[in-house]
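Protein chains: 2
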Amino acid sequence: MALLSFKHASKIIYCIASVSSFAPHRSYASTAARASLKMTATATSSAPLTLEEHSAAYKELLDKLRTITHLNHASSVLNYDRSVFMSSSERTSLARGKQLAVLATIAHEKATDPQLGKLIDQATADLQQLSSTCPNDPTNNEDLTTAKRILELEKRSFTKSTCIPVELAAHKASLEASAYSAWVKARETDDFASFAPSLKDCFDTAKKIAELQRGDNKDIGLYSQMLDEFEMGMPEERIDALFQEVQDALVPFIAKIRGSENAPSLEPLKGSFPIDAQKSVSQKIVKAIGFDESHGRIDVSVHPFTMSLSNADVRITSRFSESEWYQGLAGSVHEAGHAMYEQHLGDSDLGLDSALSMGVHESQSLFWERHVGLSRPFYRWARPILTEAFGKDDKFDYSAEEIYNAVNGVDFENNLIRVEADELNYPLHVILRYNIERAVVAGELDVNDIPAEWNKSMKEFFAIDVPNDTKGCLQDIHWSCLAIGYFPTYLLGSMMAAQLSHYCKKDLPEFDNLIEKGEFTPIREWLTEKVHKHGKRYASLDDLLVAEVGEKLNSKYFIDYLTEKYSDLYKI
Amino acid sequence: MALLSFKHASKIIYCIASVSSFAPHRSYASTAARASLKMTATATSSAPLTLEEHSAAYKELLDKLRTITHLNHASSVLNYDRSVFMSSSERTSLARGKQLAVLATIAHEKATDPQLGKLIDQATADLQQLSSTCPNDPTNNEDLTTAKRILELEKRSFTKSTCIPVELAAHKASLEASAYSAWVKARETDDFASFAPSLKDCFDTAKKIAELQRGDNKDIGLYSQMLDEFEMGMPEERIDALFQEVQDALVPFIAKIRGSENAPSLEPLKGSFPIDAQKSVSQKIVKAIGFDESHGRIDVSVHPFTMSLSNADVRITSRFSESEWYQGLAGSVHEAGHAMYEQHLGDSDLGLDSALSMGVHESQSLFWERHVGLSRPFYRWARPILTEAFGKDDKFDYSAEEIYNAVNGVDFENNLIRVEADELNYPLHVILRYNIERAVVAGELDVNDIPAEWNKSMKEFFAIDVPNDTKGCLQDIHWSCLAIGYFPTYLLGSMMAAQLSHYCKKDLPEFDNLIEKGEFTPIREWLTEKVHKHGKRYASLDDLLVAEVGEKLNSKYFIDYLTEKYSDLYKI
Numbered sequence: 001m002a003l004l005s006f007k008h009a010s011k012i013i014y015c016i017a018s019v020s021s022f023a024p025h026r027s028y029a030s031t032a033a034r035a036s037l038k039m040t041a042t043a044t045s046s047a048p049l050t051l052e053e054h055s056a057a058y059k060e061l062l063d064k065l066r067t068i069t070h071l072n073h074a075s076s077v078l079n080y081d082r083s084v085f086m087s088s089s090e091r092t093s094l095a096r097g098k099q100l101a102v103l104a105t106i107a108h109e110k111a112t113d114p115q116l117g118k119l120i121d122q123a124t125a126d127l128q129q130l131s132s133t134c135p136n137d138p139t140n141n142e143d144l145t146t147a148k149r150i151l152e153l154e155k156r157s158f159t160k161s162t163c164i165p166v167e168l169a170a171h172k173a174s175l176e177a178s179a180y181s182a183w184v185k186a187r188e189t190d191d192f193a194s195f196a197p198s199l200k201d202c203f204d205t206a207k208k209i210a211e212l213q214r215g216d217n218k219d220i221g222l223y224s225q226m227l228d229e230f231e232m233g234m235p236e237e238r239i240d241a242l243f244q245e246v247q248d249a250l251v252p253f254i255a256k257i258r259g260s261e262n263a264p265s266l267e268p269l270k271g272s273f274p275i276d277a278q279k280s281v282s283q284k285i286v287k288a289i290g291f292d293e294s295h296g297r298i299d300v301s302v303h304p305f306t307m308s309l310s311n312a313d314v315r316i317t318s319r320f321s322e323s324e325w326y327q328g329l330a331g332s333v334h335e336a337g338h339a340m341y342e343q344h345l346g347d348s349d350l351g352l353d354s355a356l357s358m359g360v361h362e363s364q365s366l367f368w369e370r371h372v373g374l375s376r377p378f379y380r381w382a383r384p385i386l387t388e389a390f391g392k393d394d395k396f397d398y399s400a401e402e403i404y405n406a407v408n409g410v411d412f413e414n415n416l417i418r419v420e421a422d423e424l425n426y427p428l429h430v431i432l433r434y435n436i437e438r439a440v441v442a443g444e445l446d447v448n449d450i451p452a453e454w455n456k457s458m459k460e461f462f463a464i465d466v467p468n469d470t471k472g473c474l475q476d477i478h479w480s481c482l483a484i485g486y487f488p489t490y491l492l493g494s495m496m497a498a499q500l501s502h503y504c505k506k507d508l509p510e511f512d513n514l515i516e517k518g519e520f521t522p523i524r525e526w527l528t529e530k531v532h533k534h535g536k537r538y539a540s541l542d543d544l545l546v547a548e549v550g551e552k553l554n555s556k557y558f559i560d561y562l563t564e565k566y567s568d569l570y571k572i
Numbered sequence: 001m002a003l004l005s006f007k008h009a010s011k012i013i014y015c016i017a018s019v020s021s022f023a024p025h026r027s028y029a030s031t032a033a034r035a036s037l038k039m040t041a042t043a044t045s046s047a048p049l050t051l052e053e054h055s056a057a058y059k060e061l062l063d064k065l066r067t068i069t070h071l072n073h074a075s076s077v078l079n080y081d082r083s084v085f086m087s088s089s090e091r092t093s094l095a096r097g098k099q100l101a102v103l104a105t106i107a108h109e110k111a112t113d114p115q116l117g118k119l120i121d122q123a124t125a126d127l128q129q130l131s132s133t134c135p136n137d138p139t140n141n142e143d144l145t146t147a148k149r150i151l152e153l154e155k156r157s158f159t160k161s162t163c164i165p166v167e168l169a170a171h172k173a174s175l176e177a178s179a180y181s182a183w184v185k186a187r188e189t190d191d192f193a194s195f196a197p198s199l200k201d202c203f204d205t206a207k208k209i210a211e212l213q214r215g216d217n218k219d220i221g222l223y224s225q226m227l228d229e230f231e232m233g234m235p236e237e238r239i240d241a242l243f244q245e246v247q248d249a250l251v252p253f254i255a256k257i258r259g260s261e262n263a264p265s266l267e268p269l270k271g272s273f274p275i276d277a278q279k280s281v282s283q284k285i286v287k288a289i290g291f292d293e294s295h296g297r298i299d300v301s302v303h304p305f306t307m308s309l310s311n312a313d314v315r316i317t318s319r320f321s322e323s324e325w326y327q328g329l330a331g332s333v334h335e336a337g338h339a340m341y342e343q344h345l346g347d348s349d350l351g352l353d354s355a356l357s358m359g360v361h362e363s364q365s366l367f368w369e370r371h372v373g374l375s376r377p378f379y380r381w382a383r384p385i386l387t388e389a390f391g392k393d394d395k396f397d398y399s400a401e402e403i404y405n406a407v408n409g410v411d412f413e414n415n416l417i418r419v420e421a422d423e424l425n426y427p428l429h430v431i432l433r434y435n436i437e438r439a440v441v442a443g444e445l446d447v448n449d450i451p452a453e454w455n456k457s458m459k460e461f462f463a464i465d466v467p468n469d470t471k472g473c474l475q476d477i478h479w480s481c482l483a484i485g486y487f488p489t490y491l492l493g494s495m496m497a498a499q500l501s502h503y504c505k506k507d508l509p510e511f512d513n514l515i516e517k518g519e520f521t522p523i524r525e526w527l528t529e530k531v532h533k534h535g536k537r538y539a540s541l542d543d544l545l546v547a548e549v550g551e552k553l554n555s556k557y558f559i560d561y562l563t564e565k566y567s568d569l570y571k572i
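In the order they appear, the protein sequences are chains A and B.
Take 1 as the starting number for the first sequence in UniProt numbering and just add one per residue.
Take 1 as the starting number for the second sequence in UniProt numbering and just add one per residue.
Below, the structure written as structure tokens:
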């Protein structure tokens, strides 16, 4: 699975990786299966049976699921090679496309094989039988609890994969290609009207799919069903309430900051910074914060991304531009945050040991990018590295405070494009898109009225006039890939990062000191304890936070973080 | 499929890629299938039907075969990445191993699917029917001739894949692993006796497999059957006769050269040559001779090899060492020769458009490495490139003639190791191994007597005393991988390269001038016409040569090339 860093793409064209299944990684040495189908009824003798020992169906199921994992990972290898190493000639690309199509077809066949569904049901029945015979045995509980969660996840995944009739799946596949082309063309010529029919088809198709996926459960709203694909267990009402709090706090606050005359100097960002020096700085820093290069790689590509070829082989790419140094570094740190999550997942090679959600994933990248990488202590630590790389002939003679101010300065003039927005403005860019998506899915907003609504919100949120649709509602790829319900995860991740930062500092009061000394391991280990190692064991981001830090997602941490920080920076 | 350059591995440990199936490459736009199962009987109207239009079985067969091609290529991507880019940590390797195992299992299932056999038979019947109804139509002939060859190749391949019972296949797989380990250990401790039982098992298993593969056809000797795997259509008797001629000519000739006092100075080879400069020289040269970097890549790895990830994506690796410049360049040119063959195969994505054999492949690499890359005009062309790269402060101030002499100088002192041997001694290294393999398979030589036989031959051929088995019969990996019958292809390739060189110069009398001017394209195009584009259309290396240059493989070209060249170099 690839996670793409939209924030740090210099170009507006970028791709979303498939988000439908997180493929976990490591192989796992299972205990020797005794192959008995019945539990030996004994009160005294050997250790209690695991489900894998008790249930032949479960054992067979796990084997099939792991095969699918390995197939998906093989596809990732081909995808990574295509993005980073392969020549871009047409014949070369065509051949690679055929290879990927064959792998995808086989993986799909295996994932939708009715036999898989039967095994899930049989294993579930076997689990119930085993649980009822030894309900109080503590040794068995962890294995059975885990098995229960595995079966839940796989049941849900199987149902989703198989509820789409072939014609609808074919229409979706074809639409993804045609809508993408239409979007590219519309952007090039600033012609929303030419894209509108495809866009309507994208929304309609996504709704049809959501309708099938929710099945008989009409309690789940359509948009909630769509959101669940990217952020499980966080329905529309929950997100709506959180986003309203953020919107209410930030619109006036941003207006206030915008009016300040105390903008920090951006001079330390400007100049000429050799790409090799930037690469070297980035590599040094991502390894220092904890990216494990012995189980991964650092490369360069057109758009930064993270991709797991297995959880023991997590690769990140960066992109650098000579005219500035911060974006390249920020992108690297962001991807490293994603990668450290993947690198510290469990090793079952099952969905259980994959990232909980896109939002949780984004909390990891933004934790490092912002709460570490935009902090004062970080620049006290990093300054010598930056000065050594860029400071020949005193060309980079800035204090840590000056650098801190510059990287956090907000560019209010150029605030049209989400992926280029700073952390203060970014939330409203996301809320704008969330509001529009929600309204279109609810039938409250017509697709043809998207540009007007977009521009109205940009004015309301930022006092900005959108000059054309290319720089307005045509800037993002997501809807043309039918990724409707994806946008909110960026803000949920931002909010979760701030909450984690708060609680991490509670557990590690020496947080700032650790960063200043370049001792990042305790921080990364805290995140592994609280987030990474749990994979998909929790039902939602909220459940994870309640269990691990004692409180569900609360917007105040995010709002306080931004208001305190920018009040200080802008001296208001 | 990877072709590994044994000659240029600096270390003795190296790997043989799977040789059992050549996976061809390019996708191919088939004409719209009319899906009719019967030929429309008409004398006047539309163009005659192709087999694909006439036979639903053939169409389905091609689709299945291409799927297998794409799967095999996907495995190559994973293998290439593993060899060149992937971290070497244990967990990383384990995970990649599982992915490869899944792909291999699926490819094997598809290749041995009984349905495939039925489709081949039905398509063959449909072909006969179609041929009988329009025997004289020239337009149809090419398509039908091609289809006939495709079906022949696939029938043979299917029969070979399916004649091995599961237990034997499992034993072979397990033996490949255990024999390899035993070989590595035996080499480390110079203990042939510890390896002998595994080695015997390798020969016995290979013989069992050959027995099954030849089926009822007892006319084919077992060793001929094994040879056919690597060099189709060249039985033991043919190879025996050719090799005897070479042995008879070279043993005395080498003795004469060895006695000469006019050894060329090797000084131009020695010194310190920065790796980056060597990389740059190699890249420049391989691209100049015709390696198409827009449909491939040039990397560095532990052992040089060529691997096709599709025929539009052919990758070569090189290896450099600071203390000398020639081996790294020779390795690159050698791999580029292999690669240009792959890059100019046809685009059906079927076995038809894969390399004819290992021997023909080697003729391509050696043509460029020796007949171009060891020639006087080549050094007249290359000298400025070498001098610019290595010649700072007059450190590389040699004439083209001095460089020519040095690269062709023979090291008679250090002539124990095949992969390090020069072109003059190399043939006898191959013949030594051929003689032993043949004798063991025939039951004339016991595995335990291999060291004695080896050492006796080394004395007879080279007047060399082998100090230990590590530098003697334990030096090559092949037998421990059950690649018995592989060695002869190196010498067949050498001989074919010399014959091609002779005929190329006949068709292009300006051959030397072209090289001296760096105009390699006409030469590469001649090879494409004579060899590359034919894929597996010919039944053997001999048939290809008869059809394309008018004469089957004739040892005189090779013998004359060596005797004339080295008589001149050593002034005898």
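Every residue gets a Cβ at the ideal spot worked out from N, C-alpha and C, and that includes glycine.
Computed from a prediction, not measured in an experiment: that's the story for all the values here.
Host beta strand (DSSP E) of residue i (start-end)
i	result
A:Ile209	That residue, A:Ile209, is in no beta strand (DSSP E); its alpha helix (DSSP H) goes Phe192 to Arg214.
Under 7 Å between C-beta atoms of residue i and residue j
i	j	result
A:Gly373	A:Phe520	no
B:Ser178	B:Ala186	no
A:Ala210	A:Met226	yes
B:Lys332	B:Ser294	The question names Lys, yet the displayed sequence has Ser at residue 332 of chain B. No, these two residues do not count as a Cβ contact at 7 Å.
A:Gln499	A:Tyr557	yes
B:Gly359	B:Leu266	no
A:Gly518	A:Ala330	no
A:Gln247	A:Lys160	no
Extent of the continuous alpha helix (DSSP H) to which residue i belongs
i	result
B:Arg315	From DSSP, B:Arg315 is part of no alpha helix (DSSP H) but of the beta strand (DSSP E) over Asp313 to Ser318.
B:Asn435	Tyr426 to Val441
B:Ser555	Ser555 to Leu569
A:Ile257	Glu236 to Arg258
A:Gln475	That residue, A:Gln475, is in no alpha helix (DSSP H); it is neither H nor E in DSSP.
**Q.** At least 3 beta-carbon pairs within less than 8 Å: the region 369-383 of chain A vs the region 400-417 of chain A
**A.** Between the region 369-383 of chain A and the region 400-417 of chain A there are three or more C-beta pairs closer than 8 Å, enough to call the two in contact.
Q. Would you call the region 468-483 of chain A and the region 184-204 of chain A touching, i.e. three or more CB-CB distances under 8 Å?
A. Enough Cβ pairs lie closer than 8 Å, so yes.
Q: Scan the region 305-329 of chain B for residues whose Cβ lies nearer than 7 Å to a Cβ of chain A and list them as they occur along the chain.
A: So the list reads Ser310, Ala312 and Asp313, given in the order they occur along the chain.
Q. Given 8 Å as the limit, is there contact between the region 268-288 of chain A and the region 309-324 of chain A, that is, 3 or more CB pairs closer than that?
A. Short answer: they touch.
Q: Count the CB pairs spanning the region 161-172 of chain B and the region 124-132 of chain B that are closer than 8 Å, and state whether there are at least three.
A: With fewer than three CB-CB distances shorter than 8 Å, the region 161-172 of chain B does not count as touching the region 124-132 of chain B.
Q) Touching or not, the region 334-342 of chain B and the region 356-372 of chain B, by the rule of three or more beta carbon pairs under 8 Å? A) In the pairwise beta carbon analysis, the region 334-342 of chain B is classified as touching the region 356-372 of chain B: at least three pairs are separated by under 8 Å.
Q | Residues in the region 45-73 of chain B having any Cβ partner in chain A nearer than 7 Å | A | Against chain A - using a Cβ distance shorter than 7 Å - the residues of the region 45-73 of chain B are Thr67, His70, Leu71 and His73.
Q: Pair every Cβ in the region 348-362 of chain B with every Cβ in the region 530-537 of chain B, then say whether three or more of these pairs are closer than 8 Å.
A: A contact exists between the region 348-362 of chain B and the region 530-537 of chain B.
**Q.** Members of the region 75-95 of chain A that neighbour chain B once the beta carbon cut-off is set at 7 Å
**A.** Of all residues in the region 75-95 of chain A, Val77, Leu78, Asp81, Phe85, Met86, Ser87, Ser89, Arg91, Thr92, Leu94 and Ala95 have a Cβ within less than 7 Å of some Cβ in chain B.
Q) In the region 284-369 of chain A, which residue ranges form an unbroken alpha helix (DSSP H) of at least 4 residues, counting only runs that do not cross its ends? A) Unbroken alpha helix (DSSP H) stretches of 4 residues or longer found wholly inside the region 284-369 of chain A: 326-343 and 358-366, given in chain order.
Q. Are at least three pairs of beta-carbons, each pair with one atom in the region 230-244 of chain B and one in the region 430-440 of chain B, less than 8 Å apart?
A. With three or more CB-CB distances shorter than 8 Å, the region 230-244 of chain B counts as touching the region 430-440 of chain B.
Q) At a Cβ cut of 8 Å, what residues of the region 102-113 of chain B count as close to chain A, listed as they run along the chain? A) Answer set for the region 102-113 of chain B: Val102, Leu103 and Ile106.
Q) Is the region 215-234 of chain B close to the region 502-509 of chain B, with three or more CB pairs under 8 Å? A) Here the region 215-234 of chain B does not lie against the region 502-509 of chain B, with fewer than 3 beta-carbon pairs under 8 Å apart.
Q) Between the region 85-104 of chain B and the region 55-70 of chain B, do three or more beta carbon pairs fall short of 8 Å? A) Result no; under three Cβ-Cβ pairs closer than 8 Å.
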